[in-house]
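The structure appears below as structure tokens.
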Amino acid sequence: MHQNDTPPAPDLFTWEFAADPYPAYAWLREHSPVHRTTLPSGVEAWLVTRYADARQALADQRLSKNPVHHSEQAAHGKGKTGIPGERSANLMTHLLNIDPPDHTRLRRLVSKAFTPGRVAEFAPRVQELTDRLIDGFADKGEADLIHEFAFPLPIYAICDMLGVPPEDQDDFRDWAGMMIRHGGGPRGGVARSVKKMRGYLAELIHRKRNEPGEDLISGLIRASDHGEHLTENEAAAMAFILLFAGFETTVNLIGNGTYALLRNPDQRERLQNALAEGDESLLATGVEELLRYDGPVELATWRFATRALTLGGQRIAEGDPVLVVLAAADRDPERFADPDTLDLARRDNQHLGYGHGIHYCLGAPLARLEGRTALATLLRRLPDLRLAADPEDLRWRGGLIMRGLRTLPVEFTPEA
Ligand code: HEM
Numbered sequence: 001m002h003q004n005d006t007p008p009a010p011d012l013f014t015w016e017f018a019a020d021p022y023p024a025y026a027w028l029r030e031h032s033p034v035h036r037t038t039l040p041s042g043v044e045a046w047l048v049t050r051y052a053d054a055r056q057a058l059a060d061q062r063l064s065k066n067p068v069h070h071s072e073q074a075a076h077g078k079g080k081t082g083i084p085g086e087r088s089a090n091l092m093t094h095l096l097n098i099d100p101p102d103h104t105r106l107r108r109l110v111s112k113a114f115t116p117g118r119v120a121e122f123a124p125r126v127q128e129l130t131d132r133l134i135d136g137f138a139d140k141g142e143a144d145l146i147h148e149f150a151f152p153l154p155i156y157a158i159c160d161m162l163g164v165p166p167e168d169q170d171d172f173r174d175w176a177g178m179m180i181r182h183g184g185g186p187r188g189g190v191a192r193s194v195k196k197m198r199g200y201l202a203e204l205i206h207r208k209r210n211e212p213g214e215d216l217i218s219g220l221i222r223a224s225d226h227g228e229h230l231t232e233n234e235a236a237a238m239a240f241i242l243l244f245a246g247f248e249t250t251v252n253l254i255g256n257g258t259y260a261l262l263r264n265p266d267q268r269e270r271l272q273n274a275l276a277e278g279d280e281s282l283l284a285t286g287v288e289e290l291l292r293y294d295g296p297v298e299l300a301t302w303r304f305a306t307r308a309l310t311l312g313g314q315r316i317a318e319g320d321p322v323l324v325v326l327a328a329a330d331r332d333p334e335r336f337a338d339p340d341t342l343d344l345a346r347r348d349n350q351h352l353g354y355g356h357g358i359h360y361c362l363g364a365p366l367a368r369l370e371g372r373t374a375l376a377t378l379l380r381r382l383p384d385l386r387l388a389a390d391p392e393d394l395r396w397r398g399g400l401i402m403r404g405l406r407t408l409p410v411e412f413t414p415e416a
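Following UniProt numbering, the numbering of the sequence shown begins with 1 at its first residue and continues without gaps.
Okay, structure coming up:
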């Protein structure tokens, strides 16, 4: 029953919503915290928006990641709903689409190769890539930070880590560009890009088997040769998910993060002053806060109820899809003081931007390294960086899972 003073339910998934979904999320948290909705694809799903419910759902083993548990798929056969993974191309058998025990085995394998130590060793290379990209526009006085900076940095970084030779990395840049521009399911140009990437990765894995190096793909092959088995398909799917999960997310961390700093000049000045004094502690808490405040992953990836269950007082039927809205949970006033305020020094900040539970982001150490290096270097080298567009005119990508800007025009005093 709605009381008379309850404002009407907001429209979801419109352009206005994409530009600023937070008022709608506040309404959902308050009035319908586990909310049944029809997604733009026509699929019906539950949106979970309160922090406590979100955290519980992310760790709930009754919610499967495997699309075979989706009721519509069971009723209509594969691929009817457009949920990524349903078409079950080989590359889709990856960490974000599987449950234990397969998930446990594959995650253990990749964790042996993708260690925090390996990421730390990579720091000088990330700094070099960052500086090289800024060199490309620093003397011009203006740039589109998405296309010239946030977009190429993560793709080159992850290609380097995986062991994709430099001469092939621009192909990846093109394929990834196609995937990010057109998003969604594997159709048309996207399908062609995925196919090319799959062919390339299969060939690269084969090559690394014969000539291993110090890269992540060689590490994966080595890990699987010592006891646990990793098929070539699984290795290709793993390389693909590392690229895919580590790419658009980091583009948006840098894009949304820079934008939030430009829109909150007091916070930006504070960070700039700290960096000028050689104090990096505000950078560390600040990147976490930017993830909480306007994180790259708006909704966690799909989950499906393997049996009927109750979440936040709401009955969910077996086979129903559940989407955990990280962006809403991370602004929940029940969990965060002044949730709509950006506070780079925030300490009590156990945000859900990297998820929670067994699917917690494997790439978080790399994302943090890239985010910190990118933001600190931008602010150091281009200290008077400013927005060169009216915020009203900026366009956000309308995708379901990710939240990010299409362009971020800036201006600054050219470097001498
Ligand atoms: C999983 C966020 C960067 C690799 C996840 C999940 C989130 C997330 C929310 C869990 C999804 C769910 O439970 O449905 C982010 C954010 C990033 C980022 C915000 C950047 C700021 C990266 C990078 C990599 C990466 C750089 C690797 C190079 C992965 C992988 C998983 C994952 C492999 C699946 C883990 C599993 O299922 O066990 N990430 N991610 N991510 N992320 Fe990230």
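Don't be surprised by glycine CBs; every beta carbon is placed ideally from N, CA and C.
Between the CA atoms of residue j and residue i - distance to the nearest angstrom
| i | j | result |
| --- | --- | --- |
| M309 | L326 | As written in the sequence, residue 309 is Leu, which differs from the Met given in the question. The straight-line gap from Cα to Cα measures roughly 21 Å. |
| R107 | T130 | 29 Å |
| Q314 | D53 | 11 Å |
| A239 | I217 | 7 Å |
| G185 | G398 | In this prediction, G185 scores a pLDDT of 47, lower than 50, which makes its location untrustworthy; the coordinate-derived value is nonetheless stated afterwards. Cα-Cα distance, rounded: 14 Å. |
| P365 | G246 | 11 Å |
| V251 | L282 | 21 Å |
| L394 | R105 | 43 Å |
| residue 423 | L344 | Within the shown structure, residues of the chain are numbered from 1 to 416, placing residue 423 beyond reach of any answer. |
| L405 | R36 | 27 Å |
| A19 | W396 | 6 Å |
| V48 | G136 | 42 Å |
| T115 | A45 | 35 Å |
| L378 | R118 | 24 Å |
| R62 | Y25 | 25 Å |
| E248 | I254 | 10 Å |
| A260 | E211 | 45 Å |
| D170 | D338 | 43 Å |
| P8 | H31 | 10 Å |
| L201 | G312 | 42 Å |
| G278 | H356 | 32 Å |
| G189 | D144 | 24 Å |
Reduced DSSP secondary structure (H/G/I, E/B, other) of residue i
| i | result |
| --- | --- |
| A150 | helix |
| F244 | helix |
| V68 | helix |
| A19 | helix |
| T115 | coil |
| V325 | coil |
| L352 | coil |
| A143 | strand |
| L271 | helix |
| F137 | coil |
| E415 | coil |
| L129 | helix |
| G185 | Confidence in G185 is poor, its pLDDT being 47 and thus under 50, which makes the residue's placement unreliable; the coordinate value appears in the next sentence. DSSP places G185 in coil when its eight states are reduced to three. |
Among the options, nearest to residue i - alpha-carbon criterion
| i | options | result |
| --- | --- | --- |
| M178 | V164, L290, K195 | K195 |
| R55 | R406, L299, T413 | L299 |
| A57 | L352, L375, D393 | L352 |
| F13 | T249, L408, A416, L400 | L400 |
| D390 | M92, L408, E121, H70 | L408 |
| L133 | Y51, F149, G141 | F149 |
| V126 | A367, T306, S64 | A367 |
| V207 | I180, R192, A235 | Looking at the sequence shown, residue 207 is not Val but Arg. For the residues I180, R192, A235, the minimum Cα distance to R207 belongs to A235. |
| L290 | R307, G278, L262, A317 | L262 |
| L382 | L47, E142, A237 | E142 |
| R29 | D330, D338, W15 | D330 |
| S193 | A202, D174, N349 | D174 |
| V43 | R403, Q267, G357, G319 | G319 |
| E203 | I146, N233, A59, M92 | N233 |
| T416 | H70, E121, P40, A138 | The sequence given here has Ala at residue 416, not Thr. It is A138. |
| T93 | F244, I358, A237, R346 | A237 |
| F304 | D60, D11, T38 | D60 |
Residue i - partner residues in DSSP beta bridges
| i | result |
| --- | --- |
| residue 417 | Because the chain spans 1 through 416 in this model, residue 417 falls outside it and cannot be assessed. |
| A45 | T37 |
| W396 | L405 |
| V410 | A143, L387 |
| R303 | V322 |
Proximity below 8 Å, CB of residue i to CB of residue j
| i | j | result |
| --- | --- | --- |
| G257 | G371 | yes |
| L323 | W302 | yes |
| R50 | P67 | no |
| residue 443 | L242 | Any answer about residue 443 is impossible in this case: the structure gives the chain only from 1 up to 416. |
| F172 | V164 | yes |
| L109 | S224 | yes |
| V287 | M402 | no |
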